[in-house]
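When you line the sequence shown up against UniProt numbering, it's residues 1 to 232, in that order. Heads up, the beta-carbon is just placed ideally off N, CA and C, and yes, glycines get one too. Every value quoted in this text rests on a predicted model; they were computed, and no experiment measured them. Working notes, beginning with the structure itself.
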Amino acid sequence: MKSKWYGLKEKAIKLRKSGLSLGKVERRLGVPKSTLSSWFKNVELSTKQKEKLNNDWKNALVKARVKAVLWHNAQKEKRLLEAKNSALKTLEKINIKNQSILELALAMLYLGEGSKINTETALGSSNPLILKFFLKIIKDIYKIGNNKIKCELGLRADQNPQKMKIFWAKSLKLPIKNFYRINVDKRTIGFKTYPYYKGVCHVRCGNSAVQRKLIYLANLFCNKSIENIQGN
């Protein structure tokens with residue numbers, strides 16, 4: 001019994017011999033691939049036709065990859081936007097002008113990133129935003145002036161010390177003279193540094209009292225929060 005697509009067989013074979021793939025013939029005529037495969041099993045293709053099919057396959061693969069990348073990027077952007085909107089909703093519930101909240105935020109940051117070995121208040125990071133926040137709070141709440149602040153840079157071998165001083169001084173709005181020491185990691189000699197990496201800046205204010213309070217505040221807050229959650 002002939003299939004309902006039998007009348008298209010001759011046209012399908014002609015298209016196949018012109019170098020079209022099964023997928024393209026299927027889309028053009030609406031004939032299922034299973035049917036086309038049986039029709040084409042005895043169709044001999046020339047070297048030129050095979051090359052055309054191979055090139056079409058490669059081009060289709062490239063297009064498919066491009067589409068996949070675009071789709072994944074779009075999905076990533078969507079997830080990032082959802083995360084940002086969720087964060088904004090949480091932030092709307094917080095009074096960021098409240099000194100206690102700001103001090104607690106700094107304490108939690110210090111518990112994770114701050115210096116705890118030496119008896120001084122110090123924090124190092126490669127992220128200018130973190131250090132801007134650190135400086136803003138210790139200046140506003142603890143009244144520590146620029147004359148009490150010293151900075152130390154940790155750089156890779158191919159980084160220009162003077163340029164990095166200028167970058168950090170401008171980013172943190174501190175005088176160049178506050179950058180008193182530069183340490184170069186000799187293990188990085190011969191390795192290229194990414195342009196976005198500006199080294200690590202350690203900010204020190206030499207006040208052990210601030211350090212002690214921040215660590216106590218962070219630890220007490222964590223313990224009280226855990227006890228409160230367990231109590232519920």
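Here's the rule I'm using: 16 or more other beta-carbon atoms within 10 Å means buried, otherwise exposed. How should residue i be labelled?
{"i": "W57", "result": "exposed"}
{"i": "G190", "result": "exposed"}
{"i": "W168", "result": "buried"}
{"i": "V69", "result": "exposed"}
{"i": "K192", "result": "exposed"}
{"i": "I138", "result": "buried"}
{"i": "W71", "result": "exposed"}
{"i": "R156", "result": "buried"}
{"i": "L88", "result": "exposed"}
{"i": "Q159", "result": "buried"}
{"i": "K93", "result": "exposed"}
{"i": "Y194", "result": "exposed"}
{"i": "L80", "result": "exposed"}
Going by the beta-carbon positions, is the gap between residue i and residue j smaller than 8 angstroms?
{"i": "R204", "j": "K132", "result": "no"}
{"i": "K9", "j": "L45", "result": "no"}
{"i": "L217", "j": "L104", "result": "yes"}
{"i": "R99", "j": "I141", "result": "According to the sequence displayed, residue 99 carries Gln and not Arg. For Q99 and I141, yes; Cβs fall inside 8 angstroms."}
{"i": "A125", "j": "V200", "result": "According to the sequence provided, residue 125 is Ser. The question's Ala does not apply to it. Result yes, Cβ atoms of S125 and V200 sit closer than 8 angstroms."}
{"i": "L111", "j": "I215", "result": "yes"}
{"i": "I176", "j": "K163", "result": "no"}
Rounded to the nearest angstrom, how far is the Cβ of residue i from that of residue j, given a contact under 8 angstroms?
{"i": "T90", "j": "N207", "result": "Incorrect: roughly 31 angstroms between the Cβ atoms, too far for contact."}
{"i": "R181", "j": "E152", "result": "4 angstroms"}
{"i": "E113", "j": "L106", "result": "The pair is not a contact, with the Cβ atoms about 11 angstroms apart (cut-off 8 angstroms)."}
{"i": "N146", "j": "N178", "result": "7 angstroms"}
Excluding the five sequence neighbours on either side, which residues of its own chain have a C-beta within less than 8 angstroms of the C-beta of residue i, listed in chain order?
{"i": "K148", "result": "C205, G206, N207"}
{"i": "V25", "result": "A12, L15, R16, V31, L36"}
Leaving aside the five residues before and after residue i along the sequence, list all residues of the same chain whose C-beta is less than 7 angstroms from its C-beta, in chain order.
{"i": "Y196", "result": "none"}
{"i": "L135", "result": "L172, V203"}
{"i": "M108", "result": "A218"}
{"i": "I144", "result": "I138, C205, N207"}
{"i": "V184", "result": "L155, A157"}
{"i": "R212", "result": "none"}
Go through its chain and collect everything with a Cβ distance to residue i's Cβ below 6 angstroms, but skip five positions before and after it.
{"i": "L22", "result": "K33, L36"}
{"i": "S115", "result": "A122"}
Measuring alpha carbon to alpha carbon, tell me which residue in the options is nearest residue i.
{"i": "N118", "options": "N223, N228, V210", "result": "V210"}
{"i": "P128", "options": "P161, Q49, K198, N178", "result": "K198"}
{"i": "N54", "options": "N228, V66, R28, L20", "result": "L20"}
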